[in-house]
Amino acid sequence: MKILGIETSCDETACAIVQKDPNSKAITLLSSTISTSLGLHAKTGGIIPEVAARQQTNYIIPVITKALLDAKTNLEDIDAIAVTYGPGLIGSLLVGVETAKTISLLFNKPLIPINHLFGHIYANFIGNTSDISFPALGLIVSGAHTDLVVIKNHNDWNWIGGTRDDAAGEAFDKIGRLLGLPYPAGPAISELAKKGDPKAYRFPRPLIGSPDFDFSFSGLKTAVLREVQTHNGNALNESTIEDICASTQYAIVDVLVKKTMKAAKKYNTKSILLGGGVAANEMLKQKLQEKISQETFDAKLSVPPKDLCTDNAAMIATTAFYNFKPVDWSKVTADPELYFD
Ligand code: KG4
Ligand code: ZN
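Per my numbering, residue 1 is the first one in the sequence shown, and the count goes up by one each step.
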């Protein structure tokens, strides 16, 4: 069985074809194509929704065509279409949703609307899944979301906490902007952090000890702003920037690791599944793995490869395999505010 996935929730236009092998049940990635308008947003320091939506319309047909060519298949040969219907930017979402609906109608294929947030977790289910067992804990850390979910099985997800203000990726991006780094700043901050001292600045770790599973990252951005302001408008030197990057990354990772471990212990989860762009962060993976090894309980950490952490369509098609709930094309609508039920 082959599913074609479409993802257009933000600034990436992506299409992928995944196949389920009837013998091994494993999900194989046949092709994955991603076009991004990131270069345009780097200049403005953040995403302008209208610009992102316009690029979606330019990229969508070439991206689908390339994904089909790479997988050596065609639309007649596809068994179902999966599409992200939210959350995201309305203009961007509409491009993917309307394209998927059109394909579903024209080629008479089942259409499966997918929640982008579930998709980030299902990036872990591509290829070898031997490390994954339920109950699992999902940590979604992206540019727009920071959420912890307990997953008892594919149909039973329980949201236990999330950010009260900025998302983890948003904190990286906003702090990067204060430091004059290009958008998105997560990768640049983690690179510069390698040369800096993570203990040079003791930035706040809001809610780190709170009894819930919520997060808050906006205070960290304010603390960095204050630090930058102490330089009275003078450009920060290289080593100061590296120290701020290392201390910022340390503060964000510290909070994410503490809350994740607390939840894994409380819910006795057998796997911890990361997803979202910030899951590509090396320090986050390393610190979580370190903590897991020190614990008495036996949870296995699963992190998708870097290109499946950030937005892609393979994760959307894969989600559809595990949640095969087709909806008539005429009833599928984009939902920018979609969250967990
Ligand atoms: O999942 P994603 O591609 O898009 C959303 O759904 O939001 O995540 C993008 C976010 C950006 O905020 C970016 O700065 C962050 O992921 N990011 C990272 C790294 N790579 C991407 N943050 C920290 N370290 C990284 N290596
Ligand atoms: Zn995402």
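Each residue gets a CB set at the ideal place from its N, CA and C atoms; glycine is no exception.
Small disclaimer: the values here were computed from a predicted structure and weren't measured.
Between residue i and residue j, is the Cβ-Cβ spacing less than 8 Å?
| i | j | result |
| --- | --- | --- |
| E227 | Y201 | yes |
| Y122 | Y322 | yes |
| N176 | I160 | Going by the sequence as given, residue 176 is Gly instead of Asn. No, they are not a contact pair. |
| F203 | T248 | yes |
| C10 | A52 | yes |
| P305 | G275 | no |
| I3 | A317 | yes |
| V253 | L273 | no |
| L338 | Y85 | yes |
| D173 | P187 | no |
| F340 | V83 | no |
Relative to the ligand ZN, is the shortest distance from any of its heavy atoms to the C-beta of residue i smaller than 7 Å?
| i | result |
| --- | --- |
| D311 | yes |
| H41 | no |
| S216 | no |
| S142 | yes |
| H154 | no |
| H120 | yes |
| H116 | yes |
Would you say the beta carbon of residue i is closer than 7 Å to some non-hydrogen atom of the ligand KG4?
| i | result |
| --- | --- |
| G276 | yes |
| S133 | no |
| E170 | yes |
| D341 | no |
| P187 | yes |
| S92 | no |
Could you work out which residue in the options is closest to residue i when comparing CA atoms only?
| i | options | result |
| --- | --- | --- |
| G219 | F340, V63, A251, N232 | A251 |
| F297 | K199, A263, K152, V327 | A263 |
| K287 | I61, K101, M261 | M261 |
| I208 | G162, K285, G127 | G162 |
| G127 | N281, D335, A314 | A314 |
| G277 | P198, H145, F217, V150 | H145 |
| L301 | T84, G96, A136, N74 | A136 |
| T36 | I81, P62, I132 | P62 |
DSSP three-state call for residue i: helix, strand or coil?
| i | result |
| --- | --- |
| E191 | helix |
| Y183 | coil |
| V332 | coil |
| C10 | coil |
| I48 | coil |
| S142 | coil |
| N124 | helix |
Completely contained beta strand (DSSP E) runs for the segment 201-265, where each covers 3 or more residues: Runs of the beta strand (DSSP E) lying entirely within the segment 201-265 and spanning at least 3 residues: none are present.
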